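Q: My structure is below; once you've seen it, I'll send some questions.
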Amino acid sequence: MSEAGPTTATLPPAPKRGEPGSGGVSGNGRWLRLARTGFQTRNLIVLAVVIVIAYLAAVPLFYLIHGTFVENGSVTLDAFGRAYSAVGLGEMVWNSFLFAGGSALLAMVIGTFLAYVTIRTDAPFPTLVFAASMVPLIIPGVLYTIAWILLSSENIGVLNQVSSAILGRPVFDAFSMPGMIWVEGTHNAPLVYLFMVAAFRSMDPAMEESALLSGANRLTMIRRIALPLVRPALAAATLIMVVRGLEGFEVPALLGVPGGIFVFTSRIFYELQNFPIDTAAAGSLSLSLLAFAAVGVFLTNRFGSGRDGQFSTITGKGFRPHPIELRRAKPVVGTLVLLYFLVTAALPVGVLLYTSMLPFAQQFSLDVFSSMTFDNYAELFDDRAFPRATMNSLLLGAGAATAVVVLAAIAAWLIARTKVPGRQIVDQLAFLPLVVPGIVLGLAVSFVYLRNPLPFQVYGTMLILLIAYVTRFLPYGMRYAVSAIQQISGELEESAYVSGASWWKTFRRVLVPLIVPGLLAGWLYTFIISVRELSSSIVLYTPGNEVLSILTWNYYEDGQLTTVAALGVVMIGGLTVLVTLVYAIGTRFGLRDR
C-alpha cells in the first residue's frame with residue numbers, strides 16, 4: 196500500500212462496515228459522502244490550525260505596513276523622512292552590513308575551522324569544542340555581551356588591566372565596531388560549528404586522500420578540495436549568520452549605542468524610547484530591515500545548494516572516514532582549541548561568577564578575594580521582581596513551546612501527508628516569521644493590538660508576549676515536526692483507517708507516539724530559546740510582566756552590575772540543567788540521532 200493512499204486529505208476515509216457506501220457506491224452517495232467529509236473533525240481542526248498560522252504570520256506584518264504608510268487616512272512616506280532625518284540612511288546601512296558581515300566572517304572562520312579539525316583530523320580536546328558549542332544555548336546574548344563589557348571595559352575590564360600591566364595601556368574596546376564584531380562573531384561561531392559538522396561528517400574523504408597522495412600539502416588540499424565540496428553548507432551558513440547579524444539586538448544596543456554606532460535594530464528600539472512615541476517612524480525602519488533580512492533569506496535558499504549532484508560525494512560505494520594526522524601541527528591546533536574554549540566559555544562565565552561575588556564593581560586585584568560575598572545573590576532572591584520574572588519566563592516558555600508543537604504537528608501532517616492544493620502556502624506562512632527580526636516582530640504585534648481593540652485586554656498582558664513567542668518560534672517547531680513525520684511511513688495510519696479508526700484517534704494514538712522524539716526535541720528547544728528571548732520582549736513587556744531577559748536588561752540599565760552578574764550565574768546554571776535534560780531525554784527517546 197503506498198504512502199499516498201487513503202491518508203491523503205483529498206480522499207474520504209474508508210466507510211465503516213455496515214455504513215452506506217461500504218459496498219458499491221452510487222454517484223449521489225459518493226457526493227453525499229464527500230460533502231459529509233468536508234465537515235469532519237479532521238478538516239475542522241486542520242482548518243483552524245491553518246487560520247491560526249496565517250493570522251500569526253501575516254496579520255502583524257499587514258498592520259505594520261498599514262501603520263507605516265497610512266497616516267490620517269492617506270498613504271504617505273512621511274514616516275521614512277522622519278526616521279532617516281534623525282540618522283543618515285547610508286551610515287546606518289553601512290554600520291548594519293559592516294557589523295553583520297564582519298561578525299558572520301569571524302563566526303564562519305572559527306566555526307568552520309573547529310568543525311573540520313574535530314571531524315576530519317586527530318585534533319585533541321574534541322569534548323571541549325562540543326562543550327563550547329553549547330554556549331549559544333546556555334549563555335543568552337544579553338549576558339554574553341555584558342560579560343564582555345566586564346572583561347573589556349576601560350575602567351574595570353579584567354583584560355584591559357592585564358594589557359595595561361603588560362603594554363602600559365588598555366587595548367580592548369568593546370564599545371567599537373571591532374568590539375561589536377568580536378562579541379557577535381564569537382557568540383555565533385558555535386552555531387556555525389554545529390552547522391558545518393554535519394557537512395564534514397557526510398563528506399567522502401577519498402578526494403582529500405587522493406590529493407595528499409598526489410603531493411598536495413594540507414592547506415592546499417583544504418582550500419582546493421575540502422572547502423569546495425561543502426560549498427552549499429558554507430554559503431547557507433554564511434548567509435544565515437549575516438541575517439542573524441542584521442537582526443541582532445543585544446550587541447548593537449549595549450555596545451554600539453554608547454559608542455555612537457547605530458544599526459537598524461538599535462535605532463528602532465531607541466526610536467520607541469522617545470516621547471511622544473513615533474511608531475510610524477519605527478515601522479519604516481523595521482520595514483527597511485525586514486527587506487534586507489528577506490533578501491538574505493532569499494539568497495540562502497537560492498544559493499545555499501548547488502545543482503543536483505554538483506557537490507555529491509556520498510555514492511552507493513561505502514566509505515570509512517580516516518582522520519587526517521596533524522603530526523607537528525597537532526600541538527598548535529590543540530592550543531587553538533583550548534584558546535577557543537577559554538575565550539568563548541570559560542572567560543565569560545568566569546567573569547560573571549567573579550563579579551557576582553563582589554560588593555561592588557571594581558578593578559581586579561588579589562585583595563578583592565577577601566571581600567567576596569554572597570550578598571548579591573541574597574539581594575537578588577529578596578527582590579520581588581526576580582521570582583515574578585522567573586515564573587513569567589517559565590510559564591511563557593512552557594506555553595509557547597506547547598502551542599508551537601501542537602500547531603506544528605497538525606500543520607506538518609497537512610504538508611507531509613496530504614495532497615491538498617496550496618498546502619505549501621501553509622509551510623511558507625509558518626516559515627515567514629523566520630525572516631522577521633525579533634524587534635520588528637515585537638513592533639508588528641504591538642501594532643495589531645494597539646490599533647485593533649478587542650473585547651478583552653491583550654496589550655500590556657502576558658498574552659501578547661505569548662503571541663509574539665509562538666509567532667517567532669513557530670518555524671523551528673515546524674522544522675522538527677515535518678522532518679519527524681516524513682521519517683514515518685504512512686502505512687500504519689492506513690492500517691488504522693482501514694480498521695475503522697477516525698482521523699483524530701489515528702493521529703493521537705498512532706502518529707503522535709511515533710513522532711514523540713521530534714516533537715519533544717522541538718518543545719525543549721522552543722522552551723529554552725523562549726526563556727532567554729529579549730528582542731521582541733523589550734518592545735512588548737509592561738511593568739509587572741517582566742521576564743528574566745528584561746530583568747537582566749533593567750538591572751544593567753540601573754548600573755547594578757554585580758546583581759546582573761548574580762542573575763547571570765543563576766540563569767546559566769538553570770539553562771545548563773535544561774540543556775542537560777535535553778541530552779538525557781534525547782538519550783532515552785532517541786533524540787541523539789536527530
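Each residue of the sequence shown is one higher than the one before, counting from 196 in this note's numbering. We put the beta carbon where it would ideally sit given N, CA and C, even for glycine. These numbers were taken from a predicted model, which means no experiment stands behind them.
How would you write the range of the alpha helix (DSSP H) that F555 sits in, first residue to last?
A: Looking at the DSSP string, F555 is not in any alpha helix (DSSP H), and its letter there is neither H nor E.
Q: Measure from the alpha carbon of T758 to the alpha carbon of each residue in L338, G655 and E379, then state which is nearest.
A: Of L338, G655 and E379, the residue nearest in Cα terms is L338.
Q: Between L256 and S359, what straight-line distance do the alpha-carbon atoms span, to the nearest angstrom?
A: 50 Å
Q: CA-CA distance, L537 and V726?
A: 26 Å
Q: Between the beta-carbon of G621 and the beta-carbon of G717, is there less than 9 Å?
A: A quick correction: the sequence has Val, not Gly, at residue 621. Result no, Cβ atoms of V621 and G717 do not sit closer than 9 Å.
Q: Can you tell me where the alpha helix (DSSP H) with M287 in it begins and where it stops?
A: L284 to R315
Q: Answer yes if the segment 455 to 471 comes into contact with the segment 629 to 645, meaning at least three C-beta pairs across the two stretches below 8 Å, and no otherwise.
A: yes
Q: Quick check on M391: buried or exposed, where buried means 16 or more other Cβ atoms within 10 Å of its Cβ?
A: buried
Q: Just to confirm, are A476 and A274 a CB contact at a threshold of 9 Å?
A: yes
Q: Roughly how many angstroms separate the alpha carbons of D577 and Y279, rounded to a whole number?
A: Rounded to the nearest angstrom, the two C-alpha atoms are 44 Å apart.
Q: Considering only C-alpha positions, which residue in the set S641, L709 and P738 is nearest to I659?
A: With distances taken between Cα atoms, I659 lies closest to S641.
Q: Report yes if the CB atom of L776 is closer than 9 Å to the CB atom of L714, and no otherwise.
A: For L776 and L714, no; Cβs fall outside 9 Å.
Q: On the criterion of 16 or more Cβ atoms from any shown chain inside 10 Å, does G617 qualify as buried, or is it exposed?
A: Burial is judged here by how many other beta carbons sit within 10 angstroms of a residue's own beta carbon; G617 has fewer than 16 and is exposed.
Q: In whole angstroms, give me the CA-to-CA distance for I361 and E752.
A: 32 Å
Q: What residues in its chain sit with their C-beta under 8 Å from that of A676, if we drop five residues either side in the sequence?
A: Cβ neighbours of A676 within its own chain (closer than 8 Å, five residues either side excluded): V600, A603, A604, A606, A607, I710, G713, L714 and G717.
Q: Does the structure place the segment 336 to 351 close enough to the segment 369 to 389 that three or more beta carbon pairs sit under 8 Å?
A: yes
Q: Which residues in the same chain as G268 place their Cβ atom closer than 7 Å to its Cβ, once the five residues preceding and following it in sequence are excluded?
A: Within the same chain, G268 has no close Cβ partners at all.
Q: Kindly provide the ranges of any alpha helix (DSSP H) runs that are 4 or more residues long and lie completely inside the segment 721 to 770, ordered along the chain.
A: Runs of the alpha helix (DSSP H) inside the segment 721 to 770: 732 to 735 and 743 to 752.
Q: Going by beta carbon distance, what residues of the same chain come within less than 8 Å of T771, once the five residues before and after it are set aside?
A: I333
Q: Check whether the segment 699 to 708 touches the segment 303 to 316, counting contact only when three or more Cβ pairs, one atom from each stretch, lie closer than 8 Å.
A: no
Q: To the nearest angstrom, report how far apart Y671 and R523 are at their CA atoms.
A: 43 Å
Q: Just to confirm my understanding: we take F581, look at its own chain, exclude 5 residues before and 5 after, and list those with CB closer than 8 Å. What are they?
A: L575, L746 and L762
Q: Let's test the definition: count the other Cβ atoms within 10 Å of the Cβ of N469 and tell me whether it reaches 16, buried, or not, exposed.
A: exposed
Q: Buried or exposed for T263, please, with buried defined as at least 16 other CB atoms from any protein chain shown within 10 angstroms of its CB.
A: Buried, by the Cβ-count rule.
Q: Residues in its own chain within less than 8 Å of E741 by CB, not counting five upstream and five downstream?
A: A580, R583, A584, N587 and N749
Q: So, under 8 Å CB-CB, T550 and A394 are touching, yes? Tell me the CB distance rounded to an integer number of Å.
A: About 39 Å; that fails the 8 Å criterion.
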